[in-house]
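Q: Protein chains in written order, with our numbering: chain L, 29 to 230; chain S, 13 to 208.
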Amino acid sequence: MSRRHQHHLTPDDLDAALEQSTGPQASQHLESCQACQDLLEAERELVGLLNGMPRFSPSEKFVDAVMARVAIPDPFALRAFRNIRSRLAMSRRSLAFATSFAVVLAVAMGGSIVWTLANQDVLAAIGSSVAGEAVHWFWLGLQTLASNLVEQPWYEDARAAIGSPTRLALFSGMASLLYLSGVLALKRLLALPAQRAAHVQI
Amino acid sequence: MTYGDATDQQVVLDARQGREVAYRELIRRYERPIFSLIYRMVRDRELAEDLSQETFVKALNAIDSYRPEYKFSSWIFKIANNATIDHLRRRELNTLSIEGSPHARTPDAMEATALQISGRDPGPLAYVEAQELGGIIEEAISHLRPEYRSCILLRHVEGRPYEEIAEMMDLPLGTVKTYIHRARNELRKSLSHLRE
Chain L
29 MSRRHQHHLT
39 PDDLDAALEQ
49 STGPQASQHL
59 ESCQACQDLL
69 EAERELVGLL
79 NGMPRFSPSE
89 KFVDAVMARV
99 AIPDPFALRA
109 FRNIRSRLAM
119 SRRSLAFATS
129 FAVVLAVAMG
139 GSIVWTLANQ
149 DVLAAIGSSV
159 AGEAVHWFWL
169 GLQTLASNLV
179 EQPWYEDARA
189 AIGSPTRLAL
199 FSGMASLLYL
209 SGVLALKRLL
219 ALPAQRAAHV
229 QI
Chain S
13 MTYGDATDQQ
23 VVLDARQGRE
33 VAYRELIRRY
43 ERPIFSLIYR
53 MVRDRELAED
63 LSQETFVKAL
73 NAIDSYRPEY
83 KFSSWIFKIA
93 NNATIDHLRR
103 RELNTLSIEG
113 SPHARTPDAM
123 EATALQISGR
133 DPGPLAYVEA
143 QELGGIIEEA
153 ISHLRPEYRS
163 CILLRHVEGR
173 PYEEIAEMMD
183 LPLGTVKTYI
193 HRARNELRKS
203 LSHLRE
C-alpha cells in the first residue's frame with residue numbers, strides 16, 4: 029500500500045472529485061475510505077445548494093440611475109480628435125515637417141551654445157549693460173509713480189486718516205478682518221457636498 | 013442596435029466610441045450578478061443598490077482604463093468586491109439577520125431591507141421549503157468572514173475559476189483555495205442539521 033493511499037483526501041483532491049476528475053490514487057483511496065466518501069458526499073450536497081442559489085435583481089430604475097452618473101464621451105468630438113491624431117501621426121509630410129523643425133531647433137540651440145562659450149566676455153558686457161539700464165528704468169518708473177501719487181487730491185486726506193499709530197492699527201485690523209471673512213466665504217462656497225454612498229476603490 | 017452574441021470586449025470597444033447603447037448593454041449583462049454578490053455580502057437591499065451603482069459608475073467612467081486582454085467580468089467583479097469589502101471593513105456589517113438590516117428602524121424598513129429568497133418551484137409547500145432552505149443557507153453564509161464570503165460566492169454561486177478569483181481579490185491562488193475550503197468546512201458544520 030502506497031503512503032498516499034493511507035492518507036485522506038486533500039482539499040485539492042476534493043476539488044478534483046467535485047469536478048469529476050479524481051486522480052487514480054485518490055479514487056483508489058475513496059473506494060476504501062468511508063470517511064472520505066461521506067465528506068465528498070457532504071461537499072457535493074453543499075456545492076449543489078450553493079449552485080442553486082437564485083440571483084437577485086436591483087430595482088427597475090437601476091440602469092437609469094447609473095446612466096445619469098456616467099459621463100459618455102461625445103462620439104463626434106471623439107472621432108474628430110482621433111482623425112486629427114491619426115492624420116498628424118500618419119501623414120509623411122507632417123512627419124517630414126516635424127523632423128526638419130526638430131533638426132533646425134537642435135542646430136540653432138547647438139550654435140547658440142557654441143557661440144556663448146566662445147564669446148563669454150561680450151556676453152558679460154551685454155549683460156551688465158542691460159542690467160544697468162533695467163535698474164535705471166526701474167527707479168525712474170518708481171519715482172514717476174511716487175510723484176503722481178503725492179499730487180493726487182485725496183493723498184493728503186488718506187495720509188491724515190492713517191497718520192497716528194492707533195488709526196493705522198485700526199485700519200490694518202479692519203483690512204485683515206475683511207480679507208479673512210472673504211477667504212472663509214470662498215472656502216465655504218467651494219466646499220464639496222457630502223457623499224451619500226461609500227467611496228469605492230478600483 | 014442589439015448586441016446578441018457580441019463579446020464583452022466588443023461591447024466595451026463600442027462604449028469607448030461613445031455609444032450609449034453599449035453602456036446600457038454592459039449594465040444589463042452584469043447588474044444581476046453584481047447586485048446579487050453585493051446583496052449577499054451586505055444583506056441590505058438599499059445599501060446593495062447604492063454599492064452596485066457605485067461599482068458601475070466607477071467602472072463605466074473608467075472604461076478607457078480597462079485592458080481588453082483581461083475579462084471584463086473579472087474587472088467589474090473586482091471593483092464590486094473592493095467596494096463591498098471596503099464598506100464592510102468600515103461598518104463591520106458581517107453578522108446580520110435574515111430578517112433585515114440592523115440599521116432598519118421600523119418594521120417596514122426591516123421588510124424592505126430583508127433578503128427575499130425566491131424558490132424555483134411554484135407550488136406553495138415547495139415554495140415554503142425553498143424559502144426556509146434558502147434562508148438557512150443565506151444565514152449560514154452571512155456568518156462567514158467577508159473574505160470567505162466573497163470567495164465562496166464567486167466560486168460556487170457565480171462559478172468563477174480559482175485563478176480569476178485570485179486576480180479579482182488580489183490574493184495568492186493558495187490563499188483563495190484555503191479560504192474556499194475553510195468556508196465550505198464552516199458551511200458544512202452550520203448546515204449539518206439539514207442532513208440529519
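All residues carry an ideal CB built from backbone N, CA and C; glycine is no exception.
#1: Ignore the nearest five residues each way along the sequence and tell me which others in A63(L)'s own chain have a CB closer than 7 Å to its CB.
#2: The alpha helix (DSSP H) with T127(L) in it runs from where to where?
#3: Answer yes or no: does any C-beta atom of chain S fall closer than 8 Å to that of N176(L)?
#4: Kindly give me the distance between the Cβ atoms of F68(S) and V94(L), rounded to whole angstroms, as I take these residues to be in contact under 8 Å.
#5: In whole angstroms, give me the CA-to-CA distance for E66(S) and P86(L).
#6: CA-CA distance, T38(L) and R31(S)?
#7: List the endpoints of the continuous alpha helix (DSSP H) containing M81(L).
#8: On the criterion of 16 or more Cβ atoms from any shown chain inside 10 Å, does I154(L) qualify as buried, or is it exposed?
#9: Going by C-alpha distance, which of A18(S), S64(S), S162(S) and R40(S) is nearest M181(S)?
#10: Output, in sequence order along the chain, the residues in the stretch 92-113 of chain L whose CB is closer than 7 Å to any CB in chain S.
#11: May I have the straight-line CA-CA distance separating L245(L) from V211(L), to the nearest angstrom?
#12: Taking Cβ positions only, does L123(L) come closer than 8 Å to chain S?
#13: Quick one, which of A71(S), L145(S) and I177(S) has its alpha-carbon nearest E73(L)'s?
#14: Which class does Q56(L) belong to by DSSP, given the choice of helix, strand or coil?
#15: Less than 8 Å between C-beta atoms, sequence neighbours within five positions excluded: which residues of the same chain meet that for G51(L)?
#16: Going straight from the alpha carbon of E81(S) to that of S154(S), what length do you get?
#17: Here's a check: name, in chain order, each residue in its chain whose Cβ is nearer than 6 Å to the Cβ of R52(S), leaving out the five neighbours to either side.
#18: Three or more beta-carbon pairs under 8 Å between the stretch 118-136 of chain L and the stretch 75-95 of chain S, yes or no?
#19: Within 10 angstroms of the Cβ of A71(S), are there 16 or more other Cβ atoms? Answer buried if so, exposed if not.
A: Let's see:
#1: H36
#2: R120 to A146
#3: no
#4: 4 Å
#5: 13 Å
#6: 50 Å
#7: Here M81(L) belongs to no alpha helix (DSSP H), and DSSP marks it neither H nor E.
#8: exposed
#9: S162(S)
#10: A93, V94, M95, R97, V98, A99, I100, P101, D102, P103 and L106
#11: In the structure as shown, chain L begins at 29 and stops at 230. Residue 245(L) is therefore absent and cannot be evaluated.
#12: no
#13: L145(S)
#14: helix
#15: D41 and A44
#16: 34 Å
#17: L165
#18: no
#19: buried
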